[in-house]
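2 protein chains.
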Amino acid sequence: MLPARSNHCFGCGPSNRDGLRLRFYDEGLGDRALCRVSVPKRFEGPPGHVHGGIIATLLDEAMGKANKLAGIVAMTRTMEVDYLRPVPLLTPLILEGWGVRREGRKHWNTAEIRREGGEVLARATGLFIAIDAERILAALAAQNGEQATKAKRRTKRK
Amino acid sequence: MLPARSNHCFGCGPSNRDGLRLRFYDEGLGDRALCRVSVPKRFEGPPGHVHGGIIATLLDEAMGKANKLAGIVAMTRTMEVDYLRPVPLLTPLILEGWGVRREGRKHWNTAEIRREGGEVLARATGLFIAIDAERILAALAAQNGEQATKAKRRTKRK
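Here it is as structure tokens:
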């Protein structure tokens, strides 16, 4: 199984009880990330069906996990979603994402939501920009440090 | 204020306590639907920021409400999201959707998420297909009727 993010991500964070808590597997598929999911009632759009925004969330997550399999951390720059058929709630679905093209830091991925029988219900393509995760985390840590120092100063003033 | 959907929609249903419960206003803007929103922590993607799928949800909802202002009920057929800058959590944001073109049952809309100062953080365009809501609701009602009849039969068998 792919390692789950230890954070609070709405899509895949195991610590976010309000999120989708998606768990992806590679199942020997190389750079293809696979997830089996049944979407609960709270994510409803049209009666009995998954909200279009949640469909986009599932597809974005699957493409993001394909980046992880390619060994990169990347931000979504653009995403195009093709809503082929309504996606039913509370139904076993297959979610799959994979890379299709790369040009330097630009990675184009695609993802699908399918019924177990194979029918494709929604599809997306996305452009992702690889980022230097260590540099970003260091910047966030520095920012947090600054905030902590400011908070200490505020406490002293009181 | 635009009438809120009385259903369980993840985006705008007032009865869905787990949803975004977006409330749109037209504020004399004609066919432009406007919403002020601050996204709670449970919809996190990158640390401190809104998940890309929730950004898509906000934009989809705003474009959907523009359809409502145009007097139609429509399904999202395709949506393209442009993630311009990270969208912060717990920050006052402006969400706006409007129609741009129409060809028969096809409606092209656009939507933006902006900071209060005007900076655009994300933008989407979508193609929506107008549907005959009464016909769809009648079909759903018939389907529910069938399910109710089947359930009664199952109950009698027990």
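Top line first, the protein sequences correspond to chains A and B.
Positions 1 to 158 (this note's numbering) are the ones given, in order, by the first sequence.
Positions 159 to 316 (this note's numbering) are the ones given, in order, by the second sequence.
Yeah, the Cβ is synthetic: ideal placement off N, Cα and C, and Gly gets one too.
In summary, no residue of the segment 107-121 of chain A has a CB separated from any CB of chain B by less than 8 angstroms. The DSSP-derived three-state label of GLY169/B is coil. Secondary structure at ASP218/B: helix, using DSSP grouped into helix, strand and coil. Here the C-alpha atom of ALA133/A lies approximately 29 angstroms from the C-alpha atom of GLY276/B. Counting only residues of its own chain and dropping the five nearest sequence neighbours on each side, ARG281/B has a CB closer than 6 angstroms to the CB of ASP240, GLU270. Not a single CB atom of chain B sits nearer than 8 angstroms to the CB of ALA33/A. Nearest C-alpha to VAL208/B among ARG190/B, LEU242/B, GLY284/B: LEU242/B.
An exposed status is given to LYS41/A, since fewer than 16 other beta-carbon atoms sit within 10 Å of its beta-carbon. Chain-order list of chain B residues neighbouring GLY11/A: GLY203, HIS209, GLY211, by C-beta distance under 8 angstroms.
Beta-bridge analysis with DSSP links THR91/A to no other residue. Just measuring C-alpha positions, the residue of ASN267/B, ALA228/B, PHE168/B sitting nearest GLY48/A is PHE168/B.
Each of THR249/B, VAL278/B, HIS265/B was checked against the Cα of ILE230/B, and the nearest Cα belongs to HIS265/B.
Under the three-state reduction of DSSP, ILE54/A is assigned to helix.
The C-alpha of LEU247/B lies about 9 angstroms from the C-alpha of GLY203/B.
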